[in-house]
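So for the sequence shown, the numbering used here puts the first residue at 36; every next one is plus one.
Report on the structure given below.
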Amino acid sequence: SFEASIPAASRDLWQQFGVTEFQDKEAFQKEFIRHVETTLARSMYNCDDLAAYLAASQAIRDRLIVAWNKTQQKHTTKDQKRVYYLSLEFLMGRAMDNAMLNAGVKDITKTGVDDLGFKIEDLLEQEPDAALGNGGLGRLAACFVDSIASTNYPGWGYGLRYQYGIFKQRIVDGYQVESPDYWLAFSNPWEIPRYEIAIDVMFYGYTRKYTNDQGKTVSIWEGGEQVQAIAYDVPVPGYDTETTNNLRLWASKPTREFDFEKFNSGDYESSVRESQKAETISAVLYPNDNFYSGKELRLKQQYFWVAASLNDIVRRFKKTHRPWSDFSDQIAIQLNDTHPTIAIVELQRILVDMEGLEWDAAWEIVTSTFGYTNHTVLPEALEKWPVPLFGNLLPRHLEIIYNINLFFLQKVEKMFPKDRDMLARVSIIEESSPQQVRMAYLAIIGSHKVNGVAELHSDLIKTTIFKDFVAIYGTDKFMNVTNGITPRRWLHQANPKLSELIASKVGSYSFLKDLTLLKKVEPFAKDPEFIEKWADIKKFNKARLAALIKKNNGIDVSVDALFDVQVKRIHEYKRQQMNIFSVIHRYLTIKAMSAEEKKDVTPRVCIFGGKSAPGYYMAKTIIKLINSVSEVVNKDADIGDLLKVVFIADYNVSKAEIICPASDISQHISTAGTEASGTSNMKFVLNGGLILGTVDGANIEITREIGEENIFLFGHLAESVDDLRHQRRFNDVPINPDLQKVIDAIEGGMFGDKDIYGSLIYSVTGNRDYYLVSDDFQSYLDAQKLVDKDFKDKTTWVSRCITAVANMGFFSSDRAINEYAESIWNIEPVAK
Ligand code: T68
């Protein structure tokens, strides 16, 4: 059925000379050298680590492409239902180690490059992170595509090919300084450009009404600006399976035709300017985590990516010549947050305006196709587009939204007659000035399932921000799928020694495919020999991190100290300020101790890492304070090794792979009810560290799984937060006295110019303290004390870590994907 396919008579020849995958070391080396000499046009006299990394990657990439081709052919032939995961962020990190592991060629490659004079570790270090995301949301998408492939589901990711990922962070004079992340500088061997897959995308213009042949009034969109979307495919290999799925990323290019007129009329400069404008659409990732800023370029990115993806999906569907009524039996589309919500409107537009379906029939298809995942309840993160901006960029889409809203409100009116307040509350259009399009409401109305990402969070969205919609649709539409992480990257790759030790007890590496098998190590939590081996591995991993700290910060830290880690985006709700305040409290306490008292102190290294959004003043102030405290504490002779404070600059996926396996305690201390799930909490426990955390997000389910004796929980519960805020706002609630001492120290200039911290202090004092730092401070310090005490009993500590790891099976992203597949997507794995 394919015009461009090879005639039957020639196919034997193709099969005879078909590409074969290298099976041994020698075959790999041959491929490696071929790529050095031809692909890179280098030689053995001119091959550095970078060239060697590129050549090895090319050889591995060839293998992935063979598997990719087979998989895609199989999926096309089987013609089963597929899922498309739409995410504006895919925080993939490095690809090479993962590709070697999943393709089963790690040993061949390692010994292969070794013979040729290279160290595999050095080559892996050459690869820049694919950092096309901000934090948890983007990394979740990366874990999900890994799991979709590893569990053999037919599924693609769709995203944007940003030329600049999340900015690089340096610390200068204690402050965050951003620089661009031009990750494509030395080419990207992990992508396949598909210049032939070029889709025109329209913006601006106006709509025109006319009467069609059937006498119906229809509206059509005459676009103003046009750009082209070019597909770049990134193979996503599953672990221990041939399944290799696709991550299709779109890059913007100027359209072929549009600039000629100007060019010919001599206006060369402005024609070039136009084309540069087109390319800016996919140029850079917006660096905000859990924050919405209504920039037109951001909406352009969203529509550009959604329009290209839907065009691609619909084109693939039409090739099957099925009736439109089959659409949602063949296709599921998952919206990763509200960022792709215009996809709902775009599909309705395609079906009604372009394909001539009746509104109701089209809407039935749309709503049974989409599912929407919510990742936050923070009001400042909810997307709302000003109607004038929206209507200017996407005039036809705004009309369709008005229609969707009209039909929806008519339905609500029938259910709740005369409840004007209800209608105003649930309307997609907020009656503010200017009016705003509430994207989350549109996403709910246009989807058949809405899910939160941890149990508490899924309950909260039903009782707070989406309460009215539960009254309208009932509870069945709203569900929970607790997040997960891929054990391939976050256990086996990040912590090969621990993975090997676990395998020695499980009997194989089968736990990497079925993480519940970790349960088999639980009996060894009481085995002294096993405990000792476990402790040695932790020490090794701490030494690895200590070396990174020495290299990046020039600070010496002792691997015998307790490694206390908080690495995540800097945000007031995540409360790094509370952490650094408690570090100051610790410092003041130790300074006041006698030599005798000091003997009892558990030495600690307090490790911080994370980026602030460039425009987030308070988060930047927190970073400055951490670095100032670090300066003072680390050089204080009274303190020595009892306390070190480290800020690791430019926290990213590949640094997380070093940091997670090295922690004794990690902190997940958001104000209860604010962190939807958290996923690094899972990474730290899976790597044999314990958690100091609040009763929030996935901490709650981690506690349920590993047992409350194996986690340090503290702080007020989500149900008390509103009350506590209210108390503080309208009564004179005194500040916690220990916190006051800390503030006095800062205001006394102990950490440099106190004026720098004025607004930070103000945010936790007076009648403010929105994130309840003062309210939780005492129980936080108490929990810290317990950590200090418990860490002294090394054997019991390690035993608790082992028990915790043994019970982490639930948090595999394979489990999460199976839940999505069964209860939202209704898709089946593809049989061998
Ligand atoms: C995170 N959200 C949640 N958002 O904060 C975290 N926001 O609790 C959860 O575990 C994770 O999602 C996965 O579900 C984010 O990371 C963003 O990065 C973001 C990006 C753009 C706009 C708004």
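Cβ coordinates follow ideal geometry from the N, Cα and C atoms, glycine included.
Task: Beta-carbon contacts of E381 that lie in its chain and below 8 Å, excluding the five residues immediately before and after - done: Excluding sequence neighbours, E381 sits near Y338, V341, A342, L345, H432.
TODO: Output the distance between the C-alpha atoms of L677 and R639, rounded to the nearest integer angstrom.
DONE: Approximately 6 Å between the Cα atoms of the pair.
TODO: Sort out for me which residues DSSP pairs I439 with in a bridge.
DONE: In DSSP, I439 forms no bridge with anything.
Task: DSSP three-state assignment for S493, whether helix, strand or coil - done: helix
Task: R764 to D758 span [Cα, whole Å] - done: 10 Å
Open item on the list: I need the straight-line Cα distance from N281 to G481, nearest angstrom please.
Closed with: Rounded to the nearest angstrom, the gap between the Cα atoms of N281 and G481 is 26 Å.
Task: Chain-order list of residues whose beta-carbon lies under 6 Å from that of S36 (same chain, five-residue window excluded) - done: Because S36 sits at a pLDDT of 46, beneath the cut-off of 50, its placement in the model cannot be relied upon, and the following sentence gives the value as read from the coordinates. The answer is none, since no qualifying residue turns up.
Open item on the list: So for S36, helix, strand or coil by DSSP?
Closed with: Caution applies to S36, whose pLDDT of 46 falls short of 50 and renders its modelled position unreliable; the model cannot decide the point.
Task: For Y217, the residue or residues it bridges with in DSSP - done: Y199
Open item on the list: Here's the rule: buried if 16 or more other CB atoms are within 10 angstroms of the residue's CB, otherwise exposed. What is N515?
Closed with: buried
- [ ] Answer with buried or exposed for K573, where buried requires no fewer than 16 other C-beta atoms within 10 angstroms of its C-beta.
- [x] buried
Task: CA-to-CA distance, A134 to I95, given in whole angstroms - done: If you take the alpha carbons of I95 and A134, they lie about 7 Å apart.
- [ ] Note down the Cα distance separating I35 from H410, rounded to an integer number of angstroms.
- [x] Outside the shown range of the chain, which is 36 to 867, sits residue 35, and nothing can be said about it.
- [ ] Consider the C-beta atom of S858 and the heavy atoms of ligand 1; say whether any pair is separated by less than 6 Å.
- [x] no
Open item on the list: Tell me the rounded alpha-carbon separation between E231 and I796.
Closed with: Cα to Cα, the separation comes out at about 56 Å.
- [ ] Since I believe A166 is in contact with I201 (beta carbons under 8 Å), could you give me their beta-carbon distance rounded to a whole number of angstroms?
- [x] So it is a contact: roughly 5 Å between Cβ atoms.
- [ ] With DSSP collapsed to three states, give me the class of P228.
- [x] Taken through DSSP and simplified to helix, strand or coil, P228 comes out as strand.
Task: Pair within 7 Å by beta-carbon distance, V349 and I862 - done: no
Task: beta-carbon H410 near ligand 1 non-hydrogen atom, thresh 6 Å - done: yes
Task: Per-residue burial, M389 [other beta carbons within 10 Å of its own, 16 or more giving buried] - done: exposed
TODO: Express the C-alpha separation of S847 and G784 in angstroms, rounding to a whole number.
DONE: 47 Å
Open item on the list: Below 8 Å on the Cβ atoms is my contact criterion, and I expect I479 with F504 to pass it. Report the Cβ-Cβ distance as a whole number of Å.
Closed with: 5 Å
- [ ] Using alpha carbons as the reference points, say which of V140, E490, K502, L491 lies closest to A475.
- [x] K502
- [ ] Check whether the Cβ atoms of T637 and D817 sit closer than 7 Å, and answer yes or no.
- [x] Contact: no.
TODO: Under 8 Å Cβ to Cβ from I674, same chain only, skipping five residues before and after it: list those, please.
DONE: Y622, I625, K626, V668
Open item on the list: Nearer than 6 Å: is that true of the beta carbon of V592 relative to any heavy atom of ligand 1?
Closed with: V592: no, Cβ never under 6 Å from ligand 1.
Open item on the list: Any heavy atom of ligand 1 closer than 6 Å to the beta-carbon of L21?
Closed with: The chain is shown from 36 up to 867; residue 21 falls before or after that span and cannot be answered.
TODO: Would you mind giving the Cβ-Cβ distance between A851 and G519, rounded to the nearest angstrom? I have them listed as a contact below 8 Å.
DONE: 4 Å
TODO: Note the first and the last residue of the continuous alpha helix (DSSP H) segment covering C836.
DONE: It spans 829 to 841 - the alpha helix (DSSP H) in which C836 sits, taken as one unbroken run.
Open item on the list: Tell me whether G713, by its Cβ, gets closer than 6 Å to a heavy atom of ligand 1.
Closed with: yes
Task: A596 to T830 span [Cα, whole Å] - done: 15 Å
Task: ligand 1 heavy atom lying under 6 Å from the CB of E415 - done: No - ligand 1 has no heavy atom lying nearer than 6 Å to the Cβ of E415.
- [ ] State the DSSP-derived secondary structure class of V799, mapped to helix, strand or coil.
- [x] V799 carries a helical assignment under DSSP once its states are collapsed to helix, strand and coil.
Open item on the list: Please list the terminal residues of the continuous beta strand (DSSP E) segment that includes T246.
Closed with: 241 to 246
Task: K633 versus G273: straight-line alpha-carbon distance, rounded - done: 52 Å
TODO: Go to T404, then tell me how far its alpha helix (DSSP H) extends in each direction, as first and last residue.
DONE: 394 to 404
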